[in-house]
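Enquirer: Just so we're aligned: 98 in full-length UniProt numbering is position 98 of the sequence shown, and the numbers increase by one with no gaps anywhere.
Where is the CB? At the ideal position from N, CA and C, for every residue including glycine.
Structure in structure tokens, see below.
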Amino acid sequence: MQCERLIKQIKGWYFHVSNETMAPARMVSFIEKHAAECSICLADPDLQKEIERITEIILPESKIPKAVRMQQEQDELERRAADDDDEENDDEDDNDEDDDDIEDDEDDDDIIEDD
Ligand SMILES: [Zn+2]
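Written out as structure tokens, the structure is:
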């Protein structure tokens, strides 16, 4: 990889991918878009191979055909639906209403008769 700009961009994209704020497929398409437009990248004979390697790293499931992948996802969903463990919310009502409103009302029974 000879293009400094692409290296920098890849680092930035990879940061997002590892933080799951960007889809790996998106990163691959960004790399390919840059490579198709950049004169340095177009002249780089090893770039396509390196892009493939990066793709394999960030997008391992790209090796699996999409139909197979979708079937696996389907199976996974069905399995999850099957053992639907009754996770009841353990929301114990801890609302001890401690309304200790001790009113300090001093009843002054001093009725001052004002004549
Ligand atoms: Zn470039």
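Using CA atoms only, rank isn't needed, just tell me which of L77, A82, R5 and M70 is closest to H34.
Expert: Considering only alpha carbons, the answer is R5.
Enquirer: For H34, is the beta carbon positioned less than 7 Å from some heavy atom of ligand 1?
Expert: True, at least one ligand heavy atom lies under 7 Å from that Cβ.
Enquirer: For I10 and M70, I'd like the C-alpha separation in whole angstroms.
Expert: Their Cα atoms are separated by approximately 28 Å.
Enquirer: Could you tell me whether the segment 10-26 touches the segment 39-58, where touching means 3 or more Cβ pairs closer than 8 Å?
Expert: In short, these stretches touch, since the Cβ pair count reaches three.
Enquirer: Can you give me the start and stop residues for the alpha helix (DSSP H) that P45 sits inside?
Expert: Note, P45: premise wrong, no alpha helix (DSSP H); not H, not E.
Enquirer: With a 10 Å radius around its C-beta and 16 neighbouring C-beta atoms as the bar for buried, classify L42 as buried or exposed.
Expert: Exposed, by the Cβ-count rule.
Enquirer: With distances taken between CB atoms, is the gap from I40 to Q74 smaller than 8 Å?
Expert: No, the pair does not count as a contact, with Cβ atoms beyond the cut-off.
Enquirer: Less than 8 Å between C-beta atoms, sequence neighbours within five positions excluded: which residues of the same chain meet that for I7?
Expert: Closer than 8 Å at the Cβ level, and outside the excluded window around I7, lie M1.
Enquirer: Could you have a look at L59 and say whether DSSP puts it in helix, strand or coil?
Expert: L59 falls in the coil class under three-state DSSP.
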